[in-house]
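What follows is a single structure, written as structure tokens, with notes after it.
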Amino acid sequence: MVTLTKAEEKIMKILWDIEKGFIKDIIDQYPDPKPPYNSVSTIVRVLVQKEIVGFKAYGNSHQYYPLVSKEKYRKGQLSKVVSDYYNNSLKQVVNFFSESKKLDEKELDEVMKMLEELKSQKND
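Be aware that the sequence shown starts at 12, since it is given in the numbering used here, and climbs by one per residue.
Okay, structure coming up:
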């Protein structure tokens, strides 16, 4: 899975939300001040080259849509972080969250339930 720049991720988040759109539709989703049309168009063309975004031509206009789902991208990025920073160790990841974030009791119960379900699936 390719890693996107912050600007590319912003456009992908917009496309995942609106599902498909022209450059103008993408720009409309930005807060003021809106980025220049040419800047957004250039980034979208890069995403097309990376095969992350596809398009349908309508004469001289192009309607863009994501080729990679948000879920697939998120999983790929999380796997990369776990691999690069935690030596592929779920234990190290859980330890990080337990030390750096005060988890409330409900979150801890949910995590424990998920781990128990995972454990039972491994035993099946």
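Glycine is no exception: its CB is placed at the ideal position from the N, C-alpha and C atoms.
What is the rounded straight-line gap between the Cα of residue 121 and the Cα of residue 85?
20 Å
Are three or more beta carbon pairs between the region 17-31 and the region 49-69 nearer than 8 Å?
yes
Quick one: is residue 51 buried, meaning 16 or more other Cβ sit within 10 Å of its Cβ, or exposed?
buried
Locate the alpha helix (DSSP H) running through residue 130, then write down its first and last residues.
116-134
Between which two residues does the beta strand (DSSP E) carrying residue 76 extend?
72-77
Rank 26, 124, 34 by C-alpha distance to the C-alpha of residue 69 and give the top, closest one.
The shortest C-alpha separation from residue 69 is found at 34.
Near residue 45, what residues of its chain come up, given a Cβ to Cβ distance below 7 Å and the 5 sequence neighbours on each side ignored?
Around residue 45: 38.
Can you check DSSP and say which residues form a bridge with residue 64?
77
If we count the other Cβ atoms within 10 Å of its Cβ and call it buried at 16 or more, is residue 23 buried or exposed?
It is buried - the Cβ of residue 23 has at least 16 other Cβ atoms within 10 Å.
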